[in-house]
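Undergrad: Using the numbering used here, read the sequence shown as starting at 53 and increasing by one per residue.
Sending over a structure as structure tokens; questions will come in a sec.
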Amino acid sequence: MSKDEITAVLDSMIQGSPSESEPSIFKVHTLRSDARDNVYDPKILAIGPYHHKKSSLQNMEQYKCRYMKQLLWVNNEQSVDRYVIAAIKMQKRARECYAGPIDLDENEFIKMMILDGCFLIELFRYYHYQMLRLANGYDPIFEWGIRDQLRHDIMLVDNQLPFFVLNELFNMTNYSGVDLTFLILKFFHRLYLNLSLPNTIEGRHMQKTDHIVGLIHHNLRGNVGNQTCENWENISSVSELREVGIRFEKAEAEIIFENGQRIMNLMDIKFVNGVLKIPQLDILSRMESQFGNLIAYEQNLPRGRRRYVSDYMFVMHCLLKTSDDAKLLMSHEIIKIWLGDNKDVCDMFKRLGKNILPSPKFSYSQIFSHVNGWKATPQRKATPWRNYIKNHKKHTLMAAKRDWVTGISDA
Numbered sequence: 053m054s055k056d057e058i059t060a061v062l063d064s065m066i067q068g069s070p071s072e073s074e075p076s077i078f079k080v081h082t083l084r085s086d087a088r089d090n091v092y093d094p095k096i097l098a099i100g101p102y103h104h105k106k107s108s109l110q111n112m113e114q115y116k117c118r119y120m121k122q123l124l125w126v127n128n129e130q131s132v133d134r135y136v137i138a139a140i141k142m143q144k145r146a147r148e149c150y151a152g153p154i155d156l157d158e159n160e161f162i163k164m165m166i167l168d169g170c171f172l173i174e175l176f177r178y179y180h181y182q183m184l185r186l187a188n189g190y191d192p193i194f195e196w197g198i199r200d201q202l203r204h205d206i207m208l209v210d211n212q213l214p215f216f217v218l219n220e221l222f223n224m225t226n227y228s229g230v231d232l233t234f235l236i237l238k239f240f241h242r243l244y245l246n247l248s249l250p251n252t253i254e255g256r257h258m259q260k261t262d263h264i265v266g267l268i269h270h271n272l273r274g275n276v277g278n279q280t281c282e283n284w285e286n287i288s289s290v291s292e293l294r295e296v297g298i299r300f301e302k303a304e305a306e307i308i309f310e311n312g313q314r315i316m317n318l319m320d321i322k323f324v325n326g327v328l329k330i331p332q333l334d335i336l337s338r339m340e341s342q343f344g345n346l347i348a349y350e351q352n353l354p355r356g357r358r359r360y361v362s363d364y365m366f367v368m369h370c371l372l373k374t375s376d377d378a379k380l381l382m383s384h385e386i387i388k389i390w391l392g393d394n395k396d397v398c399d400m401f402k403r404l405g406k407n408i409l410p411s412p413k414f415s416y417s418q419i420f421s422h423v424n425g426w427k428a429t430p431q432r433k434a435t436p437w438r439n440y441i442k443n444h445k446k447h448t449l450m451a452a453k454r455d456w457v458t459g460i461s462d463a
């Protein structure tokens with residue numbers, strides 16, 4: 053091979069190598085792809101390039117075109133020309149957001165950006181403005197079963213558009229008076245891991261948001277403390293902690309917004325005077341997918357970023373070892389099961405906790421240290437046995453008294 057040929061090959065390889073910018077949209081790693089029921093796979097909707105050519109998802113392309121037509125009509129436009137020009141300018145930066153090869157040429161990628169982005173914008177807008185749906189007549193997209201599947205698919209970590217693409221397309225429309233982040237969060241309001249929607253979301257600056265999963269992740273972090281400690285050990289299961297006198301309670305809502313609304317963030321676990329206070333978690337059909345995709349997103353975050361959901365899952369993975377542990381948390385209304393049973397819940401947390409990496413500065417390290425410190429105190433370790441002896445003596449005396457009274461009566 054000549055010098056010129058080697059030079060040409062190396063130049064080609066260098067030009068085709070990934071850019072220095074960090075990608076934010078990844079295919080789900082094999083370590084996280086062992087969950088059941090394909091919780092990382094889209095059911096009906098492809099967003100972005102990774103699932104774009106799957107034959108099972110092609111039926112939704114007609115609805116993307118219909119929603120594109122609606123967007124043009126609302127904005128008094130006859131052609132997509134403006135959006136094509138904008139997408140051409142964004143396509144290089146957008147491609148760099150995806151890790152790994154993309155099986156779409158430049159034209160296909162630009163077309164995908166426009167149709168997928170405008171579909172999502174119209175979907176969120178129509179969900180917010182119910183009167184628009186009623187005025188336009190029946191729309192199968194808003195049948196409950198379809199809408200539930202769409203929520204599932206839009207929250208898959210490798211089924212995303214870069215947020216800056218969505219935001220740019222949204223800003224090109226005439227949809228004044230409402231913020232894109234508000235529309236997105238309202239679409240998932242109270243239906244996604246206890247996510248609640250504060251009034252203050254409007255106007256929030258989200259320049260650093262990667263995509264919709266990143267937006268949801270940002271709004272789930274709650275009041276997880278920044279105070280951590282370096283030396284900590286895992287805590288025991290619910291059943292084992294109860295044996296050493298630690299009690300469990302459902303945490304009450306503490307966050308109050310401008311409208312007086314009280315909500316409880318899922319991550320706000322506290323340990324106070326021997327009581328582990330945990331917010332209620334509703335176990336619904338999409339729960340494993342919701343957690344799994346947020347964890348997959350966190351595992352690819354740059355070093356130094358906190359993994360709030362992974363940290364929370366690590367806590368639950370430690371606590372729930374058997375179905376009896378799940379049953380105990382149910383009795384305290386910390387877990388509310390709408391689907392499955394105690395064993396199913398325990399198995400789900402085992403799958404999600406497999407190979408999980410908490411934050412380098414683990415969010416619950418102080419709680420773990422305090423729980424283990426409480427557990428290790430000799431007086432407290434003896435408490436359950438002392439209670440048993442005390443109750444046993446009480447019951448023995450009552451039984452003796454009853455026998456004595458019975459004996460007198462018989463006499």
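For each residue, glycine too, the CB sits at the ideal point set by N, CA and C.
Since glycine 344 and leucine 404 are thought to touch, with beta carbons under 8 Å apart, how far apart are those beta carbons, to the nearest angstrom?
TA: Position 292 of the sequence shown, counted from the first residue, corresponds to residue 344. Position 352 of the sequence shown, counted from the first residue, corresponds to residue 404. Glycine 344 to leucine 404, Cβ: 6 Å. Contact.
Undergrad: Can you tell me whether DSSP reads isoleucine 198 as helix, strand or coil?
TA: Reading the sequence shown from its first residue, position 146 is the one you call residue 198. Three-state result, isoleucine 198: helix.
Undergrad: Should methionine 165 and leucine 213 be called a contact, given that it needs their Cβ atoms to be closer than 9 Å?
TA: If you number the sequence shown from 1, residue 165 lands on position 113. If you number the sequence shown from 1, residue 213 lands on position 161. Against a cut-off of 9 Å, the Cβ pair of leucine 213 and methionine 165 comes out as a contact.
Undergrad: Are at least three pairs of beta-carbons, each pair with one atom in the region 88–102 and one in the region 193–208, less than 8 Å apart?
TA: The answer is yes - the region 193–208 touches the region 88–102, with three or more Cβ pairs under 8 Å.
Undergrad: Let me check one thing: in DSSP terms, what residues is tyrosine 150 bridge-paired to?
TA: Locating residue 150 in the sequence shown gives position 98, where the first residue counts as 1. Note: tyrosine 150 sits in a beta bridge opposite Ile77.
Undergrad: Mind checking whether threonine 225 and leucine 123 have CB atoms under 9 Å apart?
TA: Reading the sequence shown from its first residue, position 173 is the one you call residue 225. Reading the sequence shown from its first residue, position 71 is the one you call residue 123. Yes, the Cβ-Cβ distance between threonine 225 and leucine 123 is below 9 Å.
Undergrad: By the DSSP assignment, the alpha helix (DSSP H) with isoleucine 99 in it spans what residues?
TA: The count along the sequence shown starts at 1 and reaches residue 99 at position 47. Segment: none, isoleucine 99 is in no alpha helix (DSSP H) and carries neither H nor E.
Undergrad: Closest to leucine 272 by C-alpha separation, out of Ile193, Phe240, Leu336 and Leu372, would be which residue?
TA: To locate residue 272, count along the sequence shown from 1; it is residue 220. Checked all of Ile193, Phe240, Leu336 and Leu372; the closest Cα to leucine 272 is Phe240.
Undergrad: Mind pulling the alpha helix (DSSP H) runs of 4 or more residues that sit fully within the region 370–414?
TA: Runs of the alpha helix (DSSP H) inside the region 370–414: 375–383 and 394–405.
Undergrad: Tell me whether aspartate 168 sits in a helix, a strand or coil according to DSSP, three-state version.
TA: Reading the sequence shown from its first residue, position 116 is the one you call residue 168. Helix.
Undergrad: Give a yes or no on contact between the region 415–424 and the region 372–392, applying the rule of three or more CB pairs nearer than 8 Å.
TA: Output reads no: the region 372–392 does not touch the region 415–424.
Undergrad: Taking DSSP's pairing of strands, which residues face glutamate 301 in a bridge?
TA: Translated into the one-based positions of the sequence shown, residue 301 becomes position 249. Glutamate 301 pairs with Lys329.
Undergrad: Expressed to the nearest angstrom, what Euclidean distance is found between the alpha-carbon atoms of valine 126 and tryptophan 196?
TA: Counting from 1 along the sequence shown, the entry for residue 126 is found at position 74. Counting from 1 along the sequence shown, the entry for residue 196 is found at position 144. So the alpha carbons of these two residues sit roughly 25 Å apart.
Undergrad: Here's the rule: buried if 16 or more other CB atoms are within 10 angstroms of the residue's CB, otherwise exposed. What is leucine 186?
TA: Residue mapping note: residue 186 aligns to position 134 of the sequence shown, counting from 1. Leucine 186 comes out exposed.
Undergrad: Within the same chain, show all residues whose beta-carbon is closer than 8 Å to that of asparagine 194, passing over the 5 residues directly before and after it, in chain order.
TA: As a first step, residue 194 is located in the sequence shown; it is residue number 142 there, counting from the start. Reading off the sequence shown, one finds phenylalanine at residue 194, where the question assumed asparagine. So the list reads Tyr178, Tyr179 and Arg185, once near-sequence residues are dropped.
Undergrad: Would you report the Cα separation of valine 324 and alanine 303, rounded to the nearest angstrom?
TA: Here residue 324 refers to the residue found at position 272 when the sequence shown is read from its first residue. Here residue 303 refers to the residue found at position 251 when the sequence shown is read from its first residue. About 11 Å.
Undergrad: What is the rounded straight-line gap between the Cα of aspartate 93 and the Cα of leucine 381?
TA: Here residue 93 refers to the residue found at position 41 when the sequence shown is read from its first residue. Here residue 381 refers to the residue found at position 329 when the sequence shown is read from its first residue. Going by the C-alpha atoms only, they are around 30 Å apart.
Undergrad: Between which residues of its own chain and tryptophan 390 is the CB-CB distance below 7 Å, once the five residues before and five after are set aside?
TA: By one-based count along the sequence shown, residue 390 stands at place 338. Once the five neighbours on either side are set aside, the close Cβ partners of tryptophan 390 are Asp334, Ile335 and Leu336.
Undergrad: With respect to the beta strand (DSSP E) encompassing phenylalanine 323, which residues constitute its N-terminal and C-terminal limits?
TA: On the sequence shown, position 271 is the one that residue 323 refers to. Residues 322–324.
Undergrad: For glutamine 342, is the classification buried or exposed, using 16 other Cβ atoms within 10 angstroms of its Cβ as the cut-off for buried?
TA: What you label residue 342 is simply residue 290 of the sequence shown in a count that begins at 1. Buried.
Undergrad: Pull up the distance between the alpha-carbon of isoleucine 387 and that of valine 367, whole angstroms please.
TA: Within the sequence shown, residue 387 is the residue found at index 335, counting from 1. Within the sequence shown, residue 367 is the residue found at index 315, counting from 1. C-alpha separation (whole angstroms): 14 Å.
Undergrad: Would you say proline 331 and leucine 318 are within 9 Å of each other, going by their C-beta atoms?
TA: By one-based count along the sequence shown, residue 331 stands at place 279. By one-based count along the sequence shown, residue 318 stands at place 266. Going by C-beta atoms, proline 331 is nearer than 9 Å to leucine 318.
Undergrad: Below 8 Å on the Cβ atoms is my guess for aspartate 270 versus phenylalanine 215; work out the distance and round it to an integer in Å.
TA: Sequence index remark: in the sequence shown, residue 270 carries index 218 (1-based). Sequence index remark: in the sequence shown, residue 215 carries index 163 (1-based). In the sequence as presented, aspartate is not what sits at residue 270; that position holds histidine. Histidine 270 to phenylalanine 215, Cβ: 11 Å. No contact.
Undergrad: Between the Cα of serine 362 and the Cα atoms of Ala348, Asp157 and Pro354, which residue gives the shortest distance?
TA: One-based indexing of the sequence shown puts residue 362 at position 310. Taking only the C-alpha atoms, the option nearest serine 362 is Ala348.
Undergrad: Given arginine 299, which residues of its chain have a CB within under 8 Å of its CB, disregarding the five upstream and five downstream residues?
TA: Translated into the one-based positions of the sequence shown, residue 299 becomes position 247. Here the set comprises Gly326, Val327 and Leu328.
Undergrad: So what does DSSP say about isoleucine 287, is it helix, strand or coil?
TA: For the purposes of this step, residue 287 is taken as residue 235 along the sequence shown, with counting starting at 1. If DSSP states are grouped into helix, strand and coil, isoleucine 287 belongs with coil.
Undergrad: Starting from cysteine 117 and walking both ways along the alpha helix (DSSP H), at which residues does that stretch end?
TA: On the sequence shown, position 65 is the one that residue 117 refers to. Here the alpha helix (DSSP H) through cysteine 117 covers 113–126.
Undergrad: Which residues does DSSP list as the beta-bridge partners of isoleucine 335?
TA: Within the sequence shown, residue 335 is the residue found at index 283, counting from 1. According to DSSP, isoleucine 335 bridges with Ile389.
Undergrad: Helix, strand or coil: which one does DSSP assign to leucine 83?
TA: For the purposes of this step, residue 83 is identified with residue 31 of the sequence shown, where counting begins at 1. The predicted position of leucine 83 is uncertain, since its pLDDT is 44 and thus under 50; a value taken from the coordinates is nonetheless stated next. Residue state, collapsed to three classes: helix.
Undergrad: Just checking: is the beta-carbon of phenylalanine 234 within a distance shorter than 9 Å of some beta-carbon in chain C?
TA: You won't find chain C in this structure, because it holds only one protein chain.
Undergrad: Tell me whether serine 417 sits in a helix, a strand or coil according to DSSP, three-state version.
TA: As a working mapping, residue 417 is identified with position 365 in the sequence shown. Serine 417 falls in the helix class under three-state DSSP.
Undergrad: In its own chain, which residues sit with a C-beta less than 7 Å from the C-beta of asparagine 352, not counting the 5 before and 5 after it?
TA: For the purposes of this step, residue 352 is identified with residue 300 of the sequence shown, where counting begins at 1. Cβ within range, chain order: Phe78.
Undergrad: Check for me: the alpha helix (DSSP H) holding isoleucine 193 runs from which residue to which?
TA: As a working note, residue 193 is residue 141 in the sequence shown. Where isoleucine 193 is concerned, there is no enclosing alpha helix (DSSP H), given that its DSSP letter is neither H nor E.
Undergrad: Check methionine 207 in the structure and name its three-state DSSP category.
TA: Here the question's residue 207 lines up with position 155 in the sequence shown. The answer is coil: DSSP assigns methionine 207 none of H, G, I, E or B.
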